[in-house]
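If you count by mature numbering (1 follows the signal peptide of the UniProt record, and there is no 0), then the sequence shown holds residues -22 to -1, 1 to 350, one letter each, in order.
Glycine included, every Cβ here is placed at the ideal spot set by N, Cα and C.
Keep in mind the model is a prediction, meaning the values are calculated, not measured.
The structure under discussion appears below in the form of structure tokens.
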Amino acid sequence: MKCKSLLLTGLAAGSATARAHGLHQAAHHHQRKDVNPVVETVWTTKTVVNWEVATVYTTVTAEPTTTTITITTAAASDPSTSTSTASASATTTDAVVLGTDTISVKQDYVVDSSSTTTSESTSSSTVTASETTATTTTTTAAATSSSSTSTSDSSDWSSTPSDGVYSTTGFGERTNSSGSGVSYTGNVGSPWGSNIIEVDSSSASSYKYVIQLTGSSSADWFVSFWNKIGPDGQMDGWYGHSALNFTLAAGETRYVAFDEDSQGGWGAAEGSSLPTDQYGGYACTWGEFDFGSTINDGWSGWDVSAIQAQNADLTVQGMKICTAAGEDCSYITTDAASVVNAYTAAEAAVDGIGGSVTEGAVRLAVEIDYSG
């Protein structure tokens, strides 16, 4: 069986070119597991891509939302009844903001989150309902900042449709793949980023590629997802771009679905933004993914990586990724005290780290702020 890399990427700043221009690319490679490894020798080609300039676009968008809640109560000992109606709405509309920065000197970009809450009630007894809508993003197209969809675990999220037909509801149009090797471009969604969406626990099992994220036990963490290839077609998706952002409350569980042939990563950090290095790249612990790769005959792969954080001399956050069955785990504990089947700066050029599966549905369980 001919093996191909799964084409995940990580940034390593350190060469003379990197110091001068802020961009030095080292490739992460996952090898597919060969069902008959004795028969063939596997050859892997590593490619290093250098850019002198990367252009970063940032866009902020938000969609208005309205929620109405009706509550009816009856007194136990009084024949009369009282009806209370509470309505709450949170509507935010942000103009699209476009910015262009050419990275050739030290610059900082952050993904910030903010929220707007509005409540209004009328009632014979006092009843108040409110909805909070987070409106953060630094992306160039279809990025969304999602409010909470699921706050509890679902026992059947890891199941798959009995008829083998998977939902694509909520995804944008698929983009055509192109290129090869490290520069391979898969599906980034049209508009950009629409290949990555949040779903609720009840519908998660209807999608083909799904991750379940469980939050820190002690604090709220900000989570951001991006495609490897940015909106400009360059390999700069983690420079100020995001397809999906949300705050994962302490102990909360949320679900994210990915469309076919999607490659990219996510980062998570305590607070309201992701830390960045001196060049504007997200410098925290990453979860990296390649789902249903066309160039790899539908195989999927994943890993945890601390390369960005360590190269920037910043905090290494804990993260663990396993299949829903608890297999093929890749994890790093807080401050890289323990590293199992995952990337650190020392393994930046090593191939085959992380988990992988053959063509088919993928269900991954992700623990944020993992400490072992």
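When the five nearest sequence neighbours on each side are left out, the beta carbons in the same chain lying within less than 7 Å of the beta carbon of glutamate 325 are those of Ile331, in order along the chain. Around the CB of serine 349, fewer than 16 other CB atoms lie within 10 Å, so the residue is classed as exposed. Tryptophan 277 is positioned such that its CB atom lies no closer than 9 Å to that of glycine 242. Bridge partners of threonine 163 according to DSSP: Ser156. Residue Ser145 holds the alpha-carbon nearest to the alpha-carbon of alanine 182 among Gly249, Ser145, Asp313. Here the region 150 to 168 lies against the region 236 to 252, with 3 or more beta-carbon pairs under 8 Å apart. In the structure shown, glutamate 337 adopts coil according to DSSP, grouped into three states. Residue burial annotation: serine 180 is exposed, with fewer than 16 other C-beta atoms found within 10 angstroms of its C-beta. Counted as a single uninterrupted DSSP element, the stretch harbouring asparagine 173 is not any beta strand (DSSP E), since DSSP gives it neither H nor E. In the DSSP assignment, alanine 235 falls outside any alpha helix (DSSP H) and within the unbroken beta strand (DSSP E) covering 231 to 236. Bridge partners of valine 282 according to DSSP: Gly265.
Taking each of Thr293, Val294, Phe149 in turn and checking the Cα distance to isoleucine 175, the smallest one comes out for Phe149. The three-state reading of DSSP puts glutamate 305 in coil, since its state is none of H, G, I, E or B.
In this structure, aspartate 255 sits near leucine 292, with a CB-CB distance shorter than 9 Å. Excluding its 5 nearest sequence neighbours in each direction, valine 234 has C-beta neighbours in its own chain below 6 Å: Glu176, Ile189, listed in chain order. The alpha-carbon of alanine 343 is positioned some 10 Å away from that of tryptophan 135. Across the structure, valine 328 and aspartate 268 are spaced so that their CA atoms are roughly 17 Å apart. In summary, serine 194 is buried, with 16 or more beta-carbon neighbours lying within 10 Å of its beta-carbon over all protein chains present.
By a beta-carbon distance limit of 8 Å, alanine 247 contacts glutamine 295. Their separation comes to about 6 Å.
Only residues of its own chain outside the window of five on either side were considered, and among them Cys300 have a CB closer than 6 Å to the CB of cysteine 307, listed in chain order. Taking C-beta atoms as the reference points, alanine 290 and threonine 322 fail to come closer than 9 Å. Straight-line spacing of the CA atoms in tryptophan 244 and threonine 231 works out to 16 Å. In the DSSP assignment, leucine 191 falls within the beta strand (DSSP E) that extends over 187 to 192. In the three-state reduction of the DSSP assignment, threonine 311 falls in the coil class, being assigned neither a helical nor a strand state.
When the alpha-carbon of threonine 147 is set against those of Asn274, Lys186, Gly157, the nearest one is in Lys186. Around the beta carbon of serine 334, 16 or more other beta carbons sit within 10 angstroms, so the residue counts as buried.
Assignment of beta strand (DSSP E) within the region 191 to 224, counting only whole runs of 3 or more residues, yields 199 to 205 in chain order. In this structure, alanine 339 lies near threonine 138, with their beta-carbon atoms less than 9 Å apart.
In this structure, the alpha-carbon of threonine 312 lies about 16 Å from that of phenylalanine 200.
Taking the CA atoms as reference points, glycine 259 sits about 18 Å from serine 161. By the beta-carbon neighbour count (other beta carbons within 10 angstroms, threshold 16), threonine 336 is exposed. Boundaries of the beta strand (DSSP E) around glycine 242: 240 to 248. In the three-state scheme derived from DSSP, where H, G and I count as helix and E and B as strand, alanine 327 is classed as coil.
Pairing alanine 221 with asparagine 154 gives a Cβ-Cβ distance that is not under 9 Å. Around the beta-carbon of serine 202, 16 or more other beta-carbon atoms lie within 10 Å, marking it buried.
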